[in-house]
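What follows is a single structure, written as structure tokens, with notes after it.
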Amino acid sequence: MAQVTLNAVRKIYPNGVEALEPCSFTINDGELAVLVGPSGCGKSTLLRMVAGLEEISEGDLSIGDRIVNDVDPADRNIAMVFQNYALYPHMSVAQNMGYGLKNRGMSKAEIRAKVREASDMLNLTEFLDRRPSQLSGGQRQRVAMGRAIVREPDLFLFDEPLSNLDAKLRNQMRIEIRALQRRLATTAMYVTHDQIEAMTMADRIIVLNDGKIEQIGTPNEIYEHPASTFVASFMGAPPMNLLQGIAGGGKVTLGSDQDVLHTGTEGNDGPVQAGIRPEDVWPDPQGDLAFDVDIIEELGALRLLHGRVAGQDFSVAVPKDKEATTGLMQLSVKPGAVHLFDADTGRRL
Amino acid sequence: MKRAAFGHIGFPILLLIPQIAIIGIFFYWPAGYAVHSSFFLQDPFGFTSTYVGMDNYTRLATSSNYLDAAKFTLIFTILVTFFALAIALLLAVKADKVIRGAKSYRTLLMWVYAIAPPVAGLMGVMLFDQSRGNITQLLGMMGIEYRLGVNYWDTASAMISVSIWKQIPVNFIFFLSGLQAIPRSVREAAMIDNRSGTARFWDITFPLLAPTGFFLLIINITYSLFDTFGIVDTIVKSEPGNNPMTLVYRVFVDGFRGGDLGGSSAQSVVLMVLVLVLTIVQFRFLERRIHYT
Amino acid sequence: MADITETGVQTATATNTATNTATAAAPTRPKKRIKWETVGDHAVLIAGALLMLVPVYMILASSTHEDILIHREGLQFFFGDDGLENYNAALFEYGGFTNSVNGVTMLVNSMILGFGFAIGKIVVGMMAAYAIVYFRLRFATFAFWMIFTTLLLPLEVRILPSYEVIQQMNLANTYTGLILPLIASATATFFFRQFFRSIPEELVEAARIDGAGPVKFFIDILVPLSRTMIAAMFIIMFVFGWNQYLWPTLITTDESLFTLVRGIRQIMQAYADGSSTPEYGEAAALAIIAMTPPVLIVIFFQNWFVKGLTESDK
């Protein structure tokens, strides 16, 4: 068990490309931190630097109270679960799980006991003699987990471990991984591009974009107070609506004078981007926002109405029992649900 | 190189030493030696050698023997490459189509790969023999007089036939695996778009096989140039005389029979340049293919 | 069990009826014809197979006949009675100028050349490919080009200087001199390089986290993973080594080092002399002995062999 601290950790490739701007944060003991962002944002690079698979160009990385910049991956006492599982195809499940222990010089009996314990935990006992190729995707995923668990590491690293599974299995494994990590109380870093995974699993989320950290916070903080338009539109499904407008006197004017959003807060006068989550507005004949609906998308429990407000793209989520038709309607906005962002930088105001 | 490559220095060098040593001693040294001696003229006993500049090369360019061999090699290469590829392609297309016995046909058509060129040449000699060869007798019945080892083009045709026969299996294996690599969905799409099997072959299958074909083209050219040595040597019964000869055979004859180190080396250098050009063409092509896929 | 089968049959019949009804209902439907196209395909393939098979069959049949019969009539189509004698002579009768070589000696030499070449090439090639793919080497690109320049320059091109070099090193008429120069090309290295590159990156990463260093990774992971590739390479290289002709011809003048394929040349020279009736039967038998091991290997391990051959193209 350990906490992980990054101090201005930076990655520059030999060709001069800066893959990661200096990053500083601490992951507390026993915490599960999710690194989320679009592909190419640097989240995997960051994880691989923590693993020791990628060199750290600048800054210090410590696991526990030890700076590990120059420590070999095998000596960092970490365990990693890979996207494609990276199981050794020629070894049985038991050999796969025990290989790391064997390399540490552990006795055969001890290895067997540990593998047994982990396989019981993961319902893998009956598959111990099989080869990875004889297992289903979910089972392989579990073996990869088992390989990580038997090492009793200070830190778990997950690199998009669920992206090769189908949707149903993914939901199930999400819960299992989370439960397992809680139970073992091992610090974990988890990389994903799936914002739902991030929201549901994380103690804390680190949102990365284009090689820099956009925001660090609990899922609730990220959802309620996105630090930038990027976070606002990346986290949450359907994504937050962003409208261009001019702020002044506690309201935002969109296009013409008729289309006005009431923010309830003074200041920040000038051009802004106003963000509203689709679930924070609802159809209301008395509402003051005119919405022209083009398409209705049925999602089962929800219905998404896509159209325009003041000539800008806008979406509204309504419960399935509410009637909806295309054409003009009026909307009401939940008080205090309007997020304001700088028109140029996109940072929260 | 893998992105998580090992950072060690000494160990990989240790791993590379055998390979580098072997190619250094047995590849670069002889190659350099060939280039060097191609500029010298040795006396027949090998005691002295004098620098003669480009003389060995100009001698080649004016030697009618050498030019004849070059001309023959060109014709030989074109014929062997074309027929070995065409016959193999036909067989591969058919083998890919049939369902029953596909595996047996594959075995029957590829096993000749394992026969050594001189063994194939020996069979050729026996079949094409001037007096008792079975094929000679067959041709005789059709009123064709066939004289292996006497008539230049009769000897050439035996060399060419045996060389084609020996090369069909390799081409067949590559074409078949190339055909099998064409995705099922592409074939099915083509079936819906085009009724005629022949048209489908030329419009869809053939272009998709082009990478394999190009690779094989280079392979067949190098085969014709070098690997046919055993066939040529057995068919002329190690007594070249006035028989047709390929360039590689000429290097051997001039170097080992004629004792002309300089001239033979110059021929080697010419062949090296030829092969290097082929290599570069192939690498260019391979690179493009890697980007393509 | 019987019930189930019966139900199955019934279902099948029911389906058939349904199809028949559908056929009857459809306005026009071409009758099922003999597929002439398929017959044609088979005819072409059979012709091709015969083209490959017949010449070798004739050698095989002739290897069981007397020399004089072949001398008079050419290769035979049917088996004769002199097989034992011919094969006995080919295998055990000493020949050559020095009377120091027989078929068995040549067979052993061919085996040594085939195995020595294949094993040497695979070991050297795997090591070099491992160094190139899995290590961060400053001169990796240089090593790569230095090794891969050898790819398409076959020994035949530099035959005379290679011979001179071997002479200077006093390696003529040794197995070392026979085998090492043949190994001096990068086909196996290139092949293993391509294969190693296709192995997922994560495997080496997982192994590093599991505490495996370069030696352990090579022995525990990479070699077991390459088993099929090694087998494929082995077959190709064995056949290639076994079938070498020009180099053994030059480098072995000592008859006790002759290989079977090299022995063919002796036969041809006797043939060319024309002084006496050549020993056709024995020659045919020797040809059969020379081709049997590689042919059997290629046939029995054809899946590996085909895989190995076609993978190298990628």
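Just so you know, the protein sequences line up as chains A, B and C, in that order.
Positions -4 to 344 (the working numbering) are the ones given, in order, by the first sequence.
Positions 23 to 315 (the working numbering) are the ones given, in order, by the second sequence.
Positions 445 to 758 (the working numbering) are the ones given, in order, by the third sequence.
Heads up, the beta-carbon is just placed ideally off N, CA and C, and yes, glycines get one too.
As the structure is a prediction and not an experimental result, all values here were calculated from the model.
CB-CB under 6 Å to residue i, same chain, minus the five flanking residues each way: which ones, in chain order?
i        : result
C/Phe749 : Ile679, Val742
A/Ala242 : Asn263, Asp264, Val267
A/Leu157 : Arg165, Met168
A/Arg43  : Glu49
A/Glu292 : Leu299
A/Ile144 : Ala113
C/Tyr531 : Ala729
Tell me the DSSP secondary structure of residue i in three-state form.
i        : result
B/Thr80  : helix
A/Pro266 : strand
C/Ala675 : helix
B/Phe61  : coil
C/Ile680 : helix
C/Thr618 : coil
C/Lys479 : coil
C/Tyr501 : helix
A/Val328 : strand
A/Arg153 : Reading off the sequence, residue 153 of chain A comes out as Phe, not Arg. Correct three-state label for A/Phe153: strand.
A/Glu216 : helix
A/Asp287 : strand
A/Arg71  : coil
B/Gly46  : helix
B/Ile312 : With a pLDDT of 42 at B/Ile312, under the threshold of 50, the modelled position of this residue cannot be trusted; read the value that follows with caution. Here B/Ile312 sits in helix by DSSP.
B/Ser153 : coil
A/Val63  : coil
Less than 8 Å between the beta carbons of residue i and residue j, yes or no?
i        : j         : result
B/Gln64  : B/Gly252  : no
B/Arg320 : C/Arg516  : With chain B running from 23 to 315 in the structure shown, residue 320 of chain B is simply not present.
A/Val110 : A/Ala89   : yes
B/Thr256 : B/Gly143  : yes
C/Glu443 : C/Val545  : What the structure shows of chain C is the stretch from 445 to 758, and residue 443 of chain C is not part of that stretch, so it cannot be assessed.
A/Ala74  : A/Leu152  : yes
C/Leu690 : C/Ile566  : no
A/Gln239 : A/Glu155  : no
B/Pro191 : C/Ser606  : no
C/Ala734 : B/Ala138  : yes
A/Leu284 : A/Asp254  : yes
A/Gly270 : A/Ala227  : yes
B/Thr99  : B/Leu247  : yes
C/Ala628 : B/Leu38   : no
A/Leu150 : A/Ala(-3) : yes
With hydrogens ignored, establish whether the beta-carbon of residue i is closer than 7 Å to any heavy atom of the ligand COA.
i       : result
B/Ala53 : The ligand COA is not among the ligands present in this structure, which contains no ligands whatsoever.
Ordered along the chain, which non-local residues of its own chain (more than five positions away) have a Cβ less than 8 Å from that of residue i?
i        : result
C/Leu755 : Residue 755 of chain C is actually Glu in this sequence, not Leu. Excluding residues within five positions, the ones whose Cβ falls inside 8 Å are Phe635, Gln638, Phe639, Met673, Ala676.
B/Arg306 : none
A/Met230 : Val31, Gln190, Ala193, Met194, Ile200, Val202, Ile217, Tyr218, Pro221
B/Val273 : Ser286, Gln289, Ser290, Leu293
B/Phe236 : Phe307
Quick one: what's got a C-beta closer than 7 Å to residue i's C-beta in the same chain, skipping five residues either side?
i        : result
B/Thr72  : Phe62, Leu63
A/Gly302 : Phe286, Asp287, Val288, Asp289, Phe309
A/Leu344 : Asn263, Val267, Leu335, Phe336, Asp337
Counting C-beta neighbours from all protein chains within 10 Å, is the total for residue i 16 or more, i.e. buried, or is it exposed?
i        : result
B/Ser287 : buried
A/Tyr83  : buried
C/Pro625 : buried
C/Thr465 : Because C/Thr465 sits at a pLDDT of 45, beneath the cut-off of 50, its placement in the model cannot be relied upon, and the point is left open.
C/Ala630 : buried
B/Val299 : exposed
C/Phe536 : exposed
C/Gly564 : buried
A/Val247 : buried
C/Leu599 : buried
>> Residues of the region 635 to 659 of chain C in Cβ contact with chain A at a cutoff of 7 Å, in chain order, please.
In response: Near chain A, meaning a CB-to-CB distance below 7 Å, the residues of the region 635 to 659 of chain C are Pro644, Glu646, Leu647, Glu649, Ala650, Arg652, Ile653, Asp654, Gly655, Ala656.
> In the region 28 to 56 of chain A, which residues sit with their C-beta less than 7 Å from some C-beta in chain C, listed in chain order?
Replying inline: Against chain C - using a Cβ distance shorter than 7 Å - the residues of the region 28 to 56 of chain A are Ala46, Leu48.
> What are the residues of the region 592 to 619 of chain C that lie near chain B, defined by any Cβ-Cβ distance shorter than 9 Å?
Replying inline: So the list reads Phe592, Thr593, Thr594, Leu595, Leu596, Leu597, Pro598, Leu599, Glu600, Val601, Arg602, Ile603, Leu604, Pro605, Ser606, Tyr607, Glu608, Val609, Ile610, Met613, given in the order they occur along the chain.
>> Give me the subset of the region 89 to 104 of chain A whose CB atoms are less than 7 Å from a CB atom of chain C, sorted by chain position.
In response: Residues passing the 7 Å Cβ filter: Tyr94, Gly95, Asn98, Arg99.
> If contact means a Cβ-Cβ distance below 7 Å, which residues of the region 98 to 124 of chain B contact chain C?
Replying inline: Flagged, chain order: Leu112, Leu113, Lys116, Ala117, Lys119, Val120.
>> Counting only Cβ-Cβ distances shorter than 7 Å, please list the residues of the region 729 to 746 of chain C near chain A, keeping chain order.
In response: Taking 7 Å as the upper bound on Cβ-Cβ separation, chain A lies near no residue of the region 729 to 746 of chain C.
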